[in-house]
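Below you'll find the structure, written out as structure tokens, and then a few comments.
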């Protein structure tokens with residue numbers, strides 16, 4: 031009984047320490063993400079003088095000068111439009127190509143299947159310049175250079191591996207028996223897919239589409255190399271902000287980050303579903 | 002009319018021969034059970050009939066149509082799967098009505114048939130639920146109702162009760178038998194559970210290593226196993242075996258006793274007897290009791306007869322213990338003989 035008496039407080043203190051470590055980790059992780067975002071926010075909303083001054087205020091001034099400047103900056107609206115078009119195209123291409131590949135990988139046993147899976151990952155092993163520069167040459171020859179479609183093709187190559195692997199795991203999570211049951215109940219392969227599989231994986235497909243969108247939205251290198259007139263927001267800001275004052279850089283960063291954040295936040299439920307965390 | 006003819010069906014997976022030229026006819030409204038251990042090919046055969054697997058060779062006929070080249074939806078079958086396969090994104094109502102909707106049946110008729118079959122399976126109060134809100138037994142009921150609602154010529158069931166707990170399985174077994182007899186559907190039912198097979202089947206096909214070794218009524222399979230394998234597979238505990246040496250004129254020496262056996266065989270045979278077909282007498286096999294298991298209705302004694310394990314089912318009020326000597330006599334007419342070469346029964 032003395033053993034019990036001794037063990038109890040020891041256990042309690044272990045639990046306490048564990049809890050402390052847990053809370054501290056959560057706090058650190060949140061800070062890791064939120065602090066830079068917070069600084070971005072206050073600097074964007076500060077007057078140019080406040081951005082360069084020291085010490086900093088932790089309360090934003092709500093000075094919209096920098097943002098207003100951007101809004102009126104020539105070409106910015108066009109760049110945002112280009113970014114959205116390229117991202118949407120990337121989304122469509124990567125799902126249109128990636129989802130059938132994911133389905134085939136999960137449902138059919140074909141020769142070279144494992145090799146194919148490996149090759150998909152290998153496409154990400156090449157540094158982007160290696161892909162983008164030859165393509166720039168190819169695109170110039172074929173007239174695809176400086177078009178949103180050409181850029182969407184490059185972004186799709188980046189997004190497709192993810193789309194394939196994500197949809198592969200989505201399809202694998204749906205028992206084949208469900209499809210077979212549908213076949214015996216009067217469906218052909220296509221209607222079974224439409225009536226049974228599609229409704230079940232739609233949240234996951236949405237998530238992987240959003241993922242493709244964000245990959246495209248954030249991509250800067252290929253966008254900078256392959257477009258001149260039809261720049262996306264990232265490429266446009268990269269070109270224009272290199273020589274800009276600090277407060278404009280903050281505002282530019284803010285404009286880039288916020289849409290991606292809003293988008294991810296809006297579909298967070300599906301992103302959890304994508305990583306297989308039950309969320310109902 | 003939906004009799005089923007399986008003619009010379011074989012299936013090969015790579016270099017593995019899953020089925021060896023199966024021939025089987027199932028008559029209209031018959032309840033056929035495919036029984037065998039896992040890996041014997043019973044599920045493969047069922048899936049070939051369903052159209053979920055294509056045979057490497059052979060023909061499958063349902064009614065007077067050859068169906069082996071048709072997709073599952075054109076075969077007039079419905080199937081109940083081992084894991085229920087209830088669609089998680091649809092309500093119970095829409096699950097049961099799924100096939101009817103695909104067949105473009107009118108709304109009123111869908112409603113009528115869904116409700117009737119739900120009632121039959123006692124799930125009429127669950128129609129608005131999703132499968133996530135159902136227990137295993139309820140899901141199984143939905144799966145059966147969904148199959149029945151199609152009013153198929155043939156209903157195929159792949160171990161439909163194996164995921165249920167023991168009590169529920171008993172209940173569902175009896176219910177299934179009643180419902181299927183009512184529906185007048187031809188049924189093929191796959192199971193590895195011999196009690197399930199015995200209780201449900203009009204006829205049992207025992208499968209072993211990709212072959213059907215015996216197709217007969219449950220009683221026939223139990224009483225007259227056609228092969229050594231069947232004798233050792235059916236029955237719990239299975240038959241006892243002893244080697245039999247011919248003594249001439251149809252007489253055989255089994256252990257230390259000489260018995261009448263099949264005429265004309267001059268080669269050694271295998272003698273087989275069911276544990277419950279043994280009686281205590283003063284003229285029989287000398288048995289030494291090794292293990293005594295009182296099972297309630299009777300008592301199972303595992304003994305040693307001439308160095309071979311030998312089980313006997315005795316009255317539950319008998320008092321036997323380890324080391325006791327018993328004399329066990331086989332009942333007339335219950336002895337079976339097998340050829341050790343061909344494994345087949347010898348008459």
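Protein chains in written order, with our numbering: chain U, 31 to 310; chain A, 2 to 348. A virtual CB, placed ideally from N, CA and C, is assigned to each residue, including glycine.
Quiz item: Roughly how many whole angstroms lie between the Cα atoms of residue 254 of chain A and residue 340 of chain A?
Solution: 15 Å
Quiz item: Within the 9 Å Cβ cut-off, does residue 214 of chain U reach chain A?
Solution: yes
Self-check item: Reference residue 204 of chain A, options A:21, A:17, A:26, closest by Cα
Solution: A:26
Quiz item: Comparing the C-beta of residue 31 of chain U with each C-beta of chain A, is any distance below 9 Å?
Solution: With a pLDDT of 44 at residue 31 of chain U, under the threshold of 50, the modelled position of this residue cannot be trusted, and the question is left open.
Quiz item: Along chain D, which residues have their Cβ under 9 Å away from the Cβ of residue 103 of chain A?
Solution: You won't find chain D in this structure, because its protein chains are U and A.
Quiz prompt | One or two residues paired with residue 92 of chain A in a DSSP bridge | solution = A:131
Exercise. Excluding the 5 residues preceding and the 5 following residue 310 of chain A in the sequence, name in chain order all residues of the same chain whose CB lies nearer than 7 Å to its CB.
Key: 303
Quiz item: Taking 9 Å as the CB-CB cut-off, is residue 200 of chain U touching chain A?
Solution: no
Practice problem: With residue 132 of chain U as the anchor, note down where its alpha helix (DSSP H) starts and where it stops. | Solution: 106 to 137
Exercise. May I ask you to report which of helix, strand or coil DSSP gives residue 190 of chain U?
Key: helix
Self-check item: Min CB distance residue 144 of chain U to chain A below 9 Å
Solution: no
Quiz item: Between the C-alpha atoms of residue 22 of chain A and residue 108 of chain A, what's the straight-line distance to the nearest angstrom?
Solution: 45 Å
Exercise. Kindly list the residues whose CB is nearer than 8 Å to the CB of residue 92 of chain A, restricted to its own chain and excluding five residues on each side of it in sequence; keep chain order.
Key: 128, 129, 130, 131
Quiz item: On the three-pair Cβ rule with 8 Å, is the segment 138 to 146 of chain A touching the segment 79 to 98 of chain A?
Solution: yes
Quiz item: Between the segment 277 to 288 of chain U and the segment 66 to 79 of chain U, do at least 3 Cβ pairs fall closer than 8 Å?
Solution: yes
Quiz item: Does the separation of the CB atoms of residue 162 of chain U and residue 256 of chain U fall below 9 Å?
Solution: yes
Quiz item: CA-CA distance, residue 216 of chain U and residue 103 of chain A?
Solution: 6 Å
Quiz item: Quick one: complete alpha helix (DSSP H) runs, 4+ long, within the segment 151 to 201 of chain U?
Solution: 158 to 172
Quiz prompt | Three-state secondary structure assigned by DSSP to residue 310 of chain U | solution = Caution is warranted here: a pLDDT of 30 is assigned to residue 310 of chain U, below 50, making its placement in the model unreliable, and no coordinate value can be reported.
Practice problem: Indicate whether the contact test is met: 3 or more Cβ pairs, each with one atom in the segment 67 to 75 of chain A and one in the segment 48 to 57 of chain A, closer than 8 Å. | Solution: yes
Self-check item: Nearest-angstrom Cα separation, counted from residue 194 of chain U out to residue 219 of chain A
Solution: 51 Å
Quiz item: Hey, would you say residue 153 of chain U sits closer than 9 Å to residue 187 of chain U, going by beta carbons?
Solution: yes
Quiz item: Can you name, in chain order, every residue of its own chain whose Cβ lies under 8 Å from the Cβ of residue 41 of chain U, other than the five neighbours on each side?
Solution: none
Quiz item: So, does the CB of residue 100 of chain A fall closer than 9 Å to a CB anywhere in chain U?
Solution: yes
Quiz item: Can a CB atom of chain U be found closer than 9 Å to the CB of residue 94 of chain A?
Solution: no
Practice problem: Let me know the secondary structure DSSP gives residue 143 of chain A once reduced to three states. | Solution: helix
Practice problem: Say whether chain U places a C-beta atom closer than 9 Å to the C-beta of residue 84 of chain A. | Solution: yes
Exercise. Given a cut-off of 9 Å, decide if residue 322 of chain A and residue 288 of chain A are closer than it, judged by their beta-carbon atoms.
Key: no
Practice problem: Consider the Cβ of residue 56 of chain A: report whether some Cβ of chain U lies at a distance smaller than 9 Å. | Solution: no
Quiz item: So is residue 207 of chain U in contact with chain A if we call contact Cβ pairs under 9 Å?
Solution: yes
Quiz item: For the 8 Å Cβ check, are there 3 or more pairs between the segment 56 to 69 of chain U and the segment 217 to 237 of chain U?
Solution: no
Self-check item: Closer than 9 Å to chain U by CB, residue 269 of chain A
Solution: no
Quiz item: Should the segment 185 to 205 of chain A be called in touch with the segment 160 to 167 of chain A, which here means at least 3 C-beta pairs below 8 Å?
Solution: yes
Quiz prompt | Where residue 233 of chain U meets chain A, residues with beta-carbon distance less than 9 Å | solution = Within 9 Å Cβ-Cβ: nothing; residue 233 of chain U doesn't reach chain A, min ~11 Å.
Exercise. Find out if the Cβ-Cβ distance for the pair residue 207 of chain U, residue 82 of chain A is shorter than 9 Å.
Key: yes
Self-check item: Residue from A:256, A:12, A:40 with nearest C-alpha to residue 248 of chain A
Solution: A:256
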